[in-house]
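Down below is the structure, laid out as structure tokens.
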Amino acid sequence: MKLQDTGLTFEDIKGKVNKYMIETYERFDFLADHAKGVYMYDENNTPYLDFYAGIAVNAVGNCNEKVVKAVQDQAATLMQTFNYPYTVPQALLAEKICTAIGMDKIFYQNSGTEANEAMIKMARKYGVEKYGPEKYHIVTARESFHGRTFGAMSATGQPDNACQIGFGPMTEGFSYALFNDLEAFKAACTENTIGIMVEPVQGEGGVHPATQEFLQGLREFCDEKGILLLLDEVQSGWGRTGALMSYMNYGIKPDIVSMAKAMGGGMPIGAICATEEVSKAFTMGSHGTTFGGHPVCCAASLAAVTEIIDRDLPGNAKKVGAYFIDKLSKLPHVKEARGQGLFVGVEFDGTINAVDVKHGCFDRKLLITAIGKDVIRMVPPLIITEEDVDKAVAIIADTIDSLSK
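Quick note: the sequence shown uses the working numbering, first residue 71, plus one each step.
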């Protein structure tokens, strides 16, 4: 639906949002009217270079032709069904994903936070049933972010974050340790710890990749202690970091991994994948979902995942991401440019504000976001080229220059 089809103006749309919607977002003064590839367009057809990609969602490009066709075909065939019948999209996607990332079983959800909620539930149920009623403790990382449902929110290691303030006590059973500090994680574990849950790349925490020593060490420690390694790859998964899943960059495999965002090619879908043994914790009636595994979303996901694999978009992310980080690191007032693949963060030296950079880039028709006052984050479509990077870097450089005067 485009604005021109409604007979309304942009101001009319803003008025309806202000009157009827509960707002928890800082809106750009911008109408996202239509999109294609790496660009989003307003109602006047003005292009915005989209290096936020719906928060790492549109990995294969916005309105990717194969994803669009899959959605249209499936919507005209079977829009939705409860999860008692078998459906073709669910089955084909399950095989594709499990085979591609080396996991045994998959359970579909609707979003990243639901996927993390399912991962927490599976780990706790596995621990309680195998070891006893107190074996449900999970250690997560400080500055992590795992979602906004109560379990995922409680796993998030940011007690001062607005996502936790004002909601009463968090769900018990979580402790936090310093990210990339293996000894701190070991010390945080108790005799009742069943899981260690981390993001391979902390996104909301400032775009910090795990070190090889840390993630490899966690895997070895978990194996030694009979603890499950739970990896949150909601944002880092499906090509973002230069491999299909970020854990593949480290030569390890989790017991459970969550995913969403890029998995759907723009449609809402999430999932967890688990080993055969751990997956047995979910028995009849123990977990469920009305819309998880939705035929249209699974068809879109199958098209998106196939595009990611067949076009080697992880390889492009690795190559173009390295080029991007190198260019960014040479800009003035940049303390550090870091990331993994096309999961990119820039930390400034304290002389300019990241939020001001975000807004300055928006004024120059580049979409990025800020994490606090010092870091900007970019998670562009994995189809971007070095030429797209050059355009983005030029806009960021011009913004920094204007803020430095």
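Ideal placement from N, C-alpha and C gives every residue a C-beta, glycine not left out.
DSSP-derived helix/strand/coil call for residue i
i	result
alanine 280	coil
glycine 335	strand
alanine 105	strand
cysteine 367	helix
proline 384	helix
glutamine 286	helix
histidine 207	strand
aspartate 444	coil
glutamate 457	helix
phenylalanine 244	strand
leucine 436	strand
cysteine 259	coil
lysine 323	coil
alanine 344	strand
asparagine 153	coil
leucine 314	coil
glycine 273	coil
isoleucine 266	strand
leucine 298	strand
tyrosine 95	coil
Contact with chain B by residue i, beta-carbon distance below 7 Å
i	result
asparagine 186	Chain labels in this structure do not include chain B; a single protein chain is all it has.
Given residue i as reference, the closest of the options once Cα atoms are compared
i	options	result
alanine 369	Asp99, Leu78 and Leu162	Leu162
glutamate 303	Ser349, Ser214, Ala373 and Ile92	Ser214
tyrosine 122	Ala313, Ser349, Ile446 and Glu242	Ile446
alanine 102	Gly124, Glu93 and Ile454	Gly124
alanine 211	Pro279, His357 and Lys475	Pro279
glutamate 346	Tyr196, Ser316 and Glu113	Tyr196
asparagine 128	Ala467, Asp460, Val459 and Met448	Met448
glycine 363	Gly287, Met337 and Val137	Met337
lysine 350	Tyr154, Asn134, Lys175 and Ala170	Lys175
glycine 420	Gly411, Ile470 and Glu253	Ile470
alanine 254	Phe284, Ala464, Glu269 and Ile235	Phe284
alanine 247	Glu81, Phe237, Val375 and Ala225	Ala225
methionine 333	Val130, Asp382, Met71 and Tyr109	Val130
alanine 330	Arg97, Ala126, Tyr111 and Ile322	Ala126
glycine 430	Asp468, Gln142 and Lys166	Asp468
leucine 436	Met315, Thr311, Tyr118 and Val459	Tyr118
threonine 311	Met110, Leu452, Cys133 and Asn153	Leu452
arginine 194	Ala185, Ser181 and Ile208	Ile208
glycine 287	Met110, Gln410, Cys259 and Leu252	Leu252
aspartate 293	Lys323, Leu314, His216 and Gly307	Lys323
Host alpha helix (DSSP H) of residue i (start-end)
i	result
glutamine 144	135-145
cysteine 168	158-171
lysine 200	182-201
tyrosine 118	Here tyrosine 118 belongs to no alpha helix (DSSP H); instead the beta strand (DSSP E) covers 117-120.
glutamate 81	80-90
glycine 409	Taken as a continuous stretch (DSSP letters only), glycine 409 belongs to no alpha helix (DSSP H), being part of the beta strand (DSSP E) at 404-410.
methionine 223	220-225
isoleucine 125	123-126
6 Å CB neighbourhood of residue i in its chain, flanking five on each side removed
i	result
leucine 473	Ile422 and Asp426
glutamate 187	Thr219, Gly221 and Ala222
Residue range of the beta strand (DSSP E) that includes residue i
i	result
serine 328	326-329
cysteine 233	Looking at the DSSP string, cysteine 233 is not in any beta strand (DSSP E), and its letter there is neither H nor E.
phenylalanine 100	Per DSSP, phenylalanine 100 belongs to no beta strand (DSSP E) and is neither H nor E.
valine 414	413-418
isoleucine 476	The structure shown has nothing for residue 476, since the chain only spans 71 to 475.
valine 304	Careful: valine 304 lies outside any beta strand (DSSP E) and carries neither H nor E.
7 Å Cβ shell around residue i - same chain, five flanking residues per side excluded
i	result
methionine 189	Leu300, Ile326, Ser328 and Ile342
glutamate 456	Val390 and Tyr393
tyrosine 95	none
glutamate 159	For clarity, residue 159 is proline in the given sequence; the question names glutamate instead. Around proline 159: Gln144, Pro365, Cys368, Ala369 and Leu372.
glutamine 150	His364 and Pro365
threonine 241	Phe220, Gly221 and Ser224
threonine 281	Asn250
Own chain residues within Cβ distance below 8 Å of residue i, not counting five before or after
i	result
alanine 145	Val366
leucine 398	Val404, Ala407, Val414, Val416, Val463 and Ile466
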